[in-house]
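Chains P and A, in that order, are what the protein sequence lines are. If you count the first sequence from 1, position 235 lands on 267 in our numbering, and the numbers rise without skipping. If you count the second sequence from 1, position 240 lands on 491 in our numbering, and the numbers rise without skipping. Read the structure below first, then the notes.
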Amino acid sequence: MNHYMVLKKKDFNAFIEKLSKKMKVAAPVRKGVKNFAFEEVTRGDAISRVSLPTILPPKKYFMPQRETIQTFDRAVPRWNSVVSENDAIVIFGVHTCDLSGIQFLNAVMGTPPKDANYLARKANITVIGLECNDYCDAYASCKAMKTHLPSGGYDLFFTDIGDAFMVQTGSAAGETLAQETGFFTTADTGEQKKLGNIRKKKEKIFKDEISVKYANLRTVFEKTVQSEVWEDIGSRCVACGNCTNVCPTCYCFDIQDEIDLNLRTGRRVRVWDGCQNEEFAKVAGGENFRRKRGQRQRHRYMRKFAYPMEKYGTYACTGCGRCTRTCMAKISLKETIHALGEEAKS
Amino acid sequence: MGKPRVAFFDFACCEGCQLQVANMGEDLLAVLGAIDVVEFREVMSEKGEYDIAIIEGSITTSRDVERIKKIRQKAKVLMAYGSCATIGGVNGMKNNFELDHIRRYVYKDAAKYFETIPTRAVHQVVPVDYFVNGCPIYIPEFVKALKCALIGIPYKVPDHAVCVECKLNENECLYDKGLTCLGPVTKAGCNSWCVNHNNICYGCRGMVTNPAENGARDILEKYKIPMPWVENKMNMYNKVREHDEKEEAHGKKC
């Protein structure tokens with residue numbers, strides 16, 4: 033395990049086609065004018081191998097936007113747990129930022145009380161990573177968040193080395209999957225060298241994108257809870273909820289009960305929810321614990337840079353840049369961190 | 252207990268929401284299995300007693316005021332559905348003008364026969380138990396609210412932006428295509444129906460109760476969209492919100 037193989041680019045289409053006959057294959061495809069999305073593919077040439085991070089991260093396969101988790105019959109006093117039956121699926125083209133997002137969610141959902149539905153889906157998912165040899169755009173901060181290089185979370189990991197992909201195995205399942213297709217060969221030293229060169233080049237291209245050092249991020253956020261930066265962000269935010277929905281590490285959800293027209297049977301569903309939504313912190317009686325949009329934004333940032341460090345020993349920001357890219361009000365993660373960093377100095 | 256008797260009534264509207272109900276397809280049979288329809292002008296005509304009154308259209312004459320008050324007295328449960336009934340809708344555009352002037356503009360010499368008052372949504376005249384917003388109503392939401400009414404629990408219109416559902420549907424943002432969409436300030440619940448079909452959001456479900464006016468202005472500046480243009484767009488469905496004494500109070504009810 034954990035050795036290198038090679039897939040020639042001329043075999044890429046055949047590889048995807050063969051894979052898609054065996055199981056569902058999802059990969060980034062172009063969506064509209066400027067966007068990309070993970071969608072089911074059956075052909076290699078449908079895949080956008082160079083792409084901006086997709087609108088939604090691959091978390092949608094681990095925890096769908098809307099999922100039935102229980103069913104009920106009012107005549108029988110019992111809730112039936114539903115762990116959705118799901119087909120085996122390969123997600124191809126997961127960038128290193130998103131791999132780190134998946135690793136974070138695995139940690140959260142795998143910590144007791146474990147999330148049975150998430151883990152059941154995860155067991156059927158094979159992840160194939162794809163390296164970014166260059167920046168996707170200026171919103172990314174993957175170097176600063178240390179996610180620009182592969183560091184686990186994949187079954188196979190692809191790097192484009194010109195006429196072929198260097199493929200690193202990350203799990204026995206990944207290795208078996210590659211072997212079964214019959215397209216992969218063992219990497220020779222020349223190919224090893226090409227990979228080494230790409231990594232060296234990346235060291236030059238990727239520079240810390242934010243002005244606060246990785247190790248100091250938590251302290252900066254903890255010191256600036258009362259900062260006016262939050263007032264400013266609050267006055268600009270429209271609470272559209274885009275930032276939390278597109279975040280690879282946001283996992284908040286709402287639970288809704290739905291009854292059938294027979295008014296007897298029904299189901300309990302979970303739907304993505306987010307701290308930016310008006311009703312998120314609203315309770316019976318109409319009180320809203322985070323009525324101000326600035327408070328909600330601060331909460332979002334704290335859930336990325338302060339709280340997860342305390343609970344899981346890691347930041348929950350992957351540096352993918354989605355929150356900034358999608359923001360209606362152009363609230364920038366990099367600018368926010370910079371402003372708070374300056375304030376923490378004084 | 253027998254099936255609840257349901258009556259559909261319409262005021263100033265196009266009856267498009269009733270048409271939505273009539274065109275519901277397969278679900279209609281299940282709905283008709285759960286209720287007893289006693290009044291429905293689009294497909295039948297019959298007067299009678301009822302438990303649930305479902306109101307379409309806005310209140311635009313003094314006669315309407317009397318009629319809706321009578322219906323409210325008779326009904327155990329009252330549901331307002333469609334933009335006209337829930338937020339005033341396009342009928343609210345009348346409120347942009349001086350009443351006599353607009354009456355003469357529409358009815359010319361016959362104007363004297365048509366008494367008119369400023370357009371109001373149903374909840375601005377009588378208490379409303381259930382709101383199903385939208386122009387027209389989104390059938391899955393109507394069915395959801397109807398089930399709540401039948402079982403006797405509240406139905407809450409989402410108070411977050413259409414963007415939330417739009418993102419869950421992974422649509423490309425229309426602002427990325429250079430279009431101006433009212434999704435960021437409009438109440439969700441329609442499953443971003445229009446944007447799913449490549450159309451902008453016209454704000455037909457009404458504004459969220461706590462809209463970010465500063466933030467919205469910033470967005471308009473950034474995308475170089477003139478304010479009066481957006482105000483017109485916003486007022487197409489939302490003019491009548493001026494009659495809501497407290498936006499927040501309305502929000503709590505729905």
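Idealized CB from N, CA, C, for every residue including glycine.
Cβ contact annotation for residue 115/P (same chain, cutoff 7 Å, sequence separation greater than five): 148, 149, 152, in chain order. Rounded to whole angstroms, the gap between the alpha carbons of residue 230/P and residue 193/P is 8 Å.
Around the beta carbon of residue 357/A, a 10 Å sphere encloses fewer than 16 other beta carbons of the protein chains shown; the residue is thus reported as exposed. In this structure, residue 202/P lies near residue 187/P, with their beta-carbon atoms less than 9 Å apart.
Contacts between residue 91/P and chain A, judged by CB atoms closer than 9 Å, are missing: the closest CB pair is about 12 Å apart.
With a minimum length of 4 residues, the unbroken runs of alpha helix (DSSP H) contained wholly in the segment 406 to 460 of chain A fall at 413 to 419, 444 to 447.
Across the structure, residue 381/A and residue 331/A are spaced so that their CA atoms are roughly 6 Å apart. Annotation: the continuous alpha helix (DSSP H) that includes residue 371/P extends over 365 to 377. Shown here, residue 379/A sits in coil according to DSSP, grouped into three states, outside any helix or strand. Between the C-alpha atoms of residue 348/P and residue 342/P there is a straight-line separation of about 11 Å.
In this structure, residue 79/P lies near residue 125/P, with their beta-carbon atoms less than 9 Å apart. Its Cα nearest to that of residue 363/A, the residue 350/A stands out among 377/A, 346/A, 350/A, 271/A. Per the coordinates, the alpha-carbon of residue 469/A lies some 17 Å from the alpha-carbon of residue 412/A. Only residues of its own chain outside the window of five on either side were considered, and among them 89, 280, 281, 350 have a CB closer than 6 Å to the CB of residue 133/P, listed in chain order. For residue 360/P, the CB contacts under 8 Å within the same chain, skipping 5 residues up- and downstream, are 270, 272, 274 in chain order. For the pair residue 367/P and residue 237/P, the Cα-to-Cα distance works out to about 21 Å.
Counting only residues of its own chain and dropping the five nearest sequence neighbours on each side, residue 40/P has a CB closer than 6 Å to the CB of 196. Assignment of beta-bridge partners to residue 197/P by DSSP yields 39/P, 192/P.
Of all residues in the segment 356 to 374 of chain P, only 358, 360, 361, 362 place a beta-carbon less than 9 Å from a beta-carbon of chain A.
Across the segment 443 to 462 of chain A, CB contacts with chain P closer than 9 Å involve 459, 460, 461, 462, in sequence order along the chain. With its beta carbon less than 9 Å from one in chain P, residue 420/A belongs to the interface. Cα atoms of residue 259/P and residue 374/P: separation of roughly 11 Å, rounded to the nearest angstrom.
Put simply, the CB of residue 325/P is near chain A, with a gap under 9 Å to one of its CB atoms.
Contact between residue 83/P and residue 70/P does not hold, since their C-beta atoms are separated by about 10 Å, which reaches or exceeds 8 Å.
Residues 89, 90, 280 of the same chain have their beta carbon placed closer than 6 Å to that of residue 130/P, with the five preceding and five following residues left out of the count.
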